[in-house]
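Every number in this note's numbering is 247 more than the matching position in the sequence shown, counting from 1.
Glycine included, C-beta positions come from ideal geometry on N, C-alpha and C.
Predicted, not measured: the structure shown is a model, and the values here were computed from it.
Comments concern the structure below.
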Amino acid sequence: MGTTAIAQRVVLGAGRSFSPALFANPHHPCLGSECAVPYSAARGKKSVNRRALDELKQQIPLLDYLQAQDWQPVRPLSGDRWMGLCPLHADRKPSFLVDPGKSLFYCYGCGRGGDVIRFAEIYHDVKFPQALALLRQWRGSAPPLQEVADFYRLQLHRHGEAVAYLLERGVRSPELIEHMRIGYAPGGACLRTWLLRLGYPLSTLGQTGLVTSLGYDAYVHRVVFPLEGNLYGRSLSAAAPPHRFLPGSKGGLYGWVEARRYPEVILVEGLFDYAALWQAGFHNVTCSLGTHLNARQFRQLCDGPRAIYLTFDADGNGSGQHAAQCLSRSLRERGIPTRLVSLPEGHDPNSFFVGGGKAHEFQRRLEEACL
Ligand SMILES: [Zn+2]
């Protein structure tokens, strides 16, 4: 085997630099070629496999990692870049610049910048090898959910029963299916077979919850929606439990990046409610995946000046309305104005539209919503 087959090894610090002008700002102090030591590794001492580093960075987009640490983009900039509060120092106005395309950050407040490894070093206050270990641990050897979601999306149009179910739930616009990246999990072992072929070990697939202990796909006959860090599956069959998530958090509010731009936001319980409203032209909608909001979702609702229109199910036992009233009280205590939207008894926003409700009728309900 010739030397070309050996992965290139580099010594961190020696000659390792970011290419200049990574950001539009020409006097960028840390991302320019002046920066000699991008990581805390002592110059010349630490030798790492560069290909492994590049691979790790590719597998962990900086933006994903930041968002997993609860970082939120606040203001878009040209070139698909974002500004937000700096997670590395006490920041009052957004000074933290993120370029998701290049997976690089720079803070105009504390003057620090770099890639995801550099971020992990500073954020967790660890040295380079520990930062790598933390990132590897965070990544696991599990398949990225994005990849799983893409696989399920391909299945959707191959399975008539899935498309029929979506139609039954009022989901018919291709634009909506694209927007929500809706897919279908047929079950059996089709996901498992595909992921094994891609080289993911079976043990890892079990740990993620994508595959059962018996080695079958965990999502069977379910319409699936990728969430931030999770996957929601709605069963087509009445015999199975209707809702399924992967182990772990359900994540933040659904579609929040889009919804948070509006001064008035409609909050619904379920993804099919979200779908019905979005399709009817209400893009200022978000979904909490249940009536109980986790701490992150609650913080998101409070992260700016806006009014919240709570549109939970009008179920016969009143549990949706009760949950809406409790949430409304908590939001008001934080100074967030709320309105309770009433629907005809026994309806949720999805069944309202599926049952023939029109956008202007829903609009009237919003206008009539009580304090
Ligand atoms: Zn900073």
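Asked, Found
"What number of angstroms, rounded off, separates the C-alpha of VAL532 from the C-alpha of ASP346?", "27 Å"
"Which term fits ARG328, buried or exposed, when burial requires 16 or more other beta carbons within 10 angstroms of its beta carbon?", "buried"
"Throw me the rounded Cβ distance for the GLY417 and HIS468 pair, which I believe falls under 8 Å.", "19 Å between Cβ atoms; not a contact."
"Do ARG553 and PRO510 have their C-beta atoms closer together than 7 Å?", "yes"
"Relative to ligand 1, is the shortest distance from any of its heavy atoms to the C-beta of HIS336 smaller than 6 Å?", "yes"
"If you compare alpha carbons, which of LEU548, THR455 and ILE583 is closest to ARG507?", "LEU548"
"Going residue by residue through the region 318-371, where are the continuous beta strand (DSSP E) segments of at least 3 residues, counting only ones entirely within it?", "322-324, 328-331, 343-346 and 351-354"
"I believe VAL321 touches LEU332 by the beta-carbon criterion, under 8 Å. Please report the beta-carbon distance rounded to the nearest angstrom.", "7 Å"
"DSSP three-state call for ASP301: helix, strand or coil?", "helix"
"Suppose you measure from the CA of GLY279 to the CA of GLY361; what does that come to, to the nearest Å?", "In this prediction, GLY279 has a pLDDT of 32, which is less than 50 and means its spatial position is unreliable; nothing more can be read from the coordinates."
"Taking 7 Å as the CB-CB cut-off, is ILE364 touching chain C?", "The displayed structure is made up of one protein chain only, and chain C is not part of it."
"Among ILE513, LEU461, GLY326 and SER420, which residue has its Cα nearest to the Cα of ARG439?", "LEU461"
"State the Cα-Cα distance for the pair PRO473 and LYS340, rounded to the nearest angstrom.", "32 Å"
"Are the beta-carbon atoms of SER420 and GLN526 separated by less than 7 Å?", "yes"
"Can you say whether LEU557 is buried or exposed, counting buried as having 16 or more other CB atoms within 10 angstroms of its CB?", "buried"
"Taking 6 Å as the line, does the beta carbon of CYS617 fall inside it for any heavy atom of ligand 1?", "no"
"Which runs of the beta strand (DSSP E) at least 3 residues long sit entirely within the region 396-456? Give them in chain order.", "430-432"
"Per the DSSP calculation, ASP464 is bridged to which residue(s)?", "VAL458"
"Is the beta carbon of VAL471 closer than 7 Å to that of GLY430?", "yes"
"Would you be able to state if there are at least three C-beta pairs under 8 Å between the region 448-467 and the region 382-397?", "yes"
"Suppose you measure from the CA of TYR501 to the CA of ALA570; what does that come to, to the nearest Å?", "18 Å"
"Let me check you understand the geometry: is the CB of CYS573 closer than 6 Å to at least one non-hydrogen atom of ligand 1?", "no"
"Please state whether the Cβ-Cβ distance between PRO584 and VAL515 is less than 7 Å.", "no"
"So does GLY517 have its beta carbon nearer than 6 Å to some heavy atom of ligand 1?", "no"
"Is ARG586 closer than 7 Å to ALA616 when the C-beta atoms are compared?", "yes"
"Quick one: Cα of TRP441 to Cα of ALA465, how far?", "14 Å"
"Does the Cβ-Cβ distance between PHE620 and LEU590 come in under 7 Å?", "What is shown of the chain runs 248 to 618, which leaves residue 620 out entirely."
"Would you mind stating whether ALA380 and ALA367 have Cβ atoms separated by less than 7 Å?", "no"
"Give every residue of the same chain whose Cβ lies closer than 8 Å to the Cβ of CYS437, excluding the five residues on either side of it in the sequence, and list them in chain order.", "GLN402 and ASP464"
"May I ask you to check if the CB of CYS620 is nearer than 6 Å to at least one heavy atom of ligand 1?", "Nothing about residue 620 can be reported from this structure: the residues present for the chain run from 248 to 618 only."
"Would a C-beta distance cut-off of 7 Å place ARG359 and LEU335 closer than the cut-off?", "yes"
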